[in-house]
Amino acid sequence: MGQGNATESKGLKAPAYYRQEAWDKFARWYDPLVKLVLLPFGGEGRLRRKFVDFAAPKRGEQMLDVCSGTGTLASVIAERVGGDGKVIGVDLSLGMIRVAQKKVKSSVTRFQSANSESLPFPSSIFHSAFISFGLHEMPESARQNTLREIHRTLKPGGYLFVLDYHLPRGGVARFIIKALVRLLEEDFTYKMLLEESLTVEVKQAGFVIERRELISAGAIQMIRARKISEEGAIG
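So the number in the working numbering is just where the residue sits in the sequence shown, counting from 1, plus 90.
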């Protein structure tokens, strides 16, 4: 597959909420900004590795990284699955995909432009799926569709791993995360944070949450959820 092999879907239509041109232009600056934003939470590298440690992928497994961005998380996952495994990263932004292709030096990774609400893969093929700081970028309906699609592509008993914002119960951390999300993110992100709806949406998509860990003073959550039914259903 080469080093960070990429597949580009030039005819892919982005959903109305997605700022395609902005993300494509922003791709070259994405890594330094993410490093800066995540510095108060322990640093990006430490956080990504902690997330992969939490997931504990096994050698030889087939992994999906949804909203893969510039491929940082995919590269860490690739180290764990080894030469017999496979990591496919998908993102709507061709700019992000191209940066990932140049950056990730792994023969087991492949990056593909795709809409997470309609994943271009057969059902029941991945052992696990990861989504890191991606769900909060979507309005509620898109989150639900994405979770259902991830559910569809996972093998029976497969796992979903989520890394995203969480609202701390009190103190300075609560004030900081509310201010940060309000300043940097969309209104639907702020709503998701306040309503703490993410775990409910994961369950509604056909998963059972087996483990949930709060880190960085409760400002970030890691979720391990197992596919429990063949058909993800909302409600």
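Beta carbons are placed, not taken as given, at the ideal position from N, Cα and C, and that holds for glycine. Computed from a predicted structure; not experimentally measured.
**OP:** Run the CB neighbour count on residue 127, radius 10 Å, all protein chains shown included, and call it buried at 16 or more, exposed below.
**Re:** Exposed, by the Cβ-count rule.
Original post:
Which one of 172, 199, 188, 185 has the shortest CA to CA distance from residue 179?
Top reply: Distance check between residue 179 and each of 172, 199, 188, 185 places 199 closest, using alpha-carbon atoms only.
**OP:** Return helix, strand or coil for residue 201, following the three-state DSSP convention.
**Re:** DSSP places residue 201 in strand when its eight states are reduced to three.
Original post:
To the nearest angstrom, how far is it from the Cα of residue 158 to the Cα of residue 108?
Top reply: Taking the straight line joining both Cα atoms gives about 15 Å.
**OP:** Could you tell me the boundaries of the alpha helix (DSSP H) in which residue 120 lies?
**Re:** If you look at residue 120, you'll find it in the alpha helix (DSSP H) that goes 110-127.
Original post:
What separation, rounded to the nearest whole angstrom, lies between the Cα atoms of residue 163 and residue 306?
Top reply: Cα-Cα distance, rounded: 18 Å.
**OP:** Leaving aside the five residues before and after residue 293 along the sequence, list all residues of the same chain whose C-beta is less than 7 Å from its C-beta, in chain order.
**Re:** Sequence-distant partners of residue 293 (beyond 5 residues in either direction) whose C-beta falls short of 7 Å from its own C-beta, in its chain, are 299.
Subject >> Reduced DSSP secondary structure (H/G/I, E/B, other) of residue 256 >> reply: When secondary structure is reduced to three states using DSSP, residue 256 falls in the coil class, being assigned neither helix nor strand.
Original post:
Which runs of the alpha helix (DSSP H) spanning at least 4 residues fall entirely within the region 251-299, listed in chain order?
Top reply: 261-274, 277-285, 288-294, all fully within the region 251-299.
Original post:
What is the C-beta distance between residue 189 and residue 104, in whole angstroms, given that I count them as a contact (C-beta under 8 Å)?
Top reply: In this structure residue 189 is not in contact with residue 104, their Cβ atoms being roughly 18 Å apart against a cut-off of 8 Å.
**OP:** Express the C-alpha separation of residue 289 and residue 283 in angstroms, rounding to a whole number.
**Re:** C-alpha separation (whole angstroms): 11 Å.
**OP:** Return the residue from the list 256, 227, 149, 156 that minimises the CA-CA distance to residue 131.
**Re:** Nearest Cα to residue 131 within the set 256, 227, 149, 156: 256.
**OP:** Quick one: grab the DSSP three-state call for residue 215.
**Re:** Residue 215 falls in the coil class under three-state DSSP.
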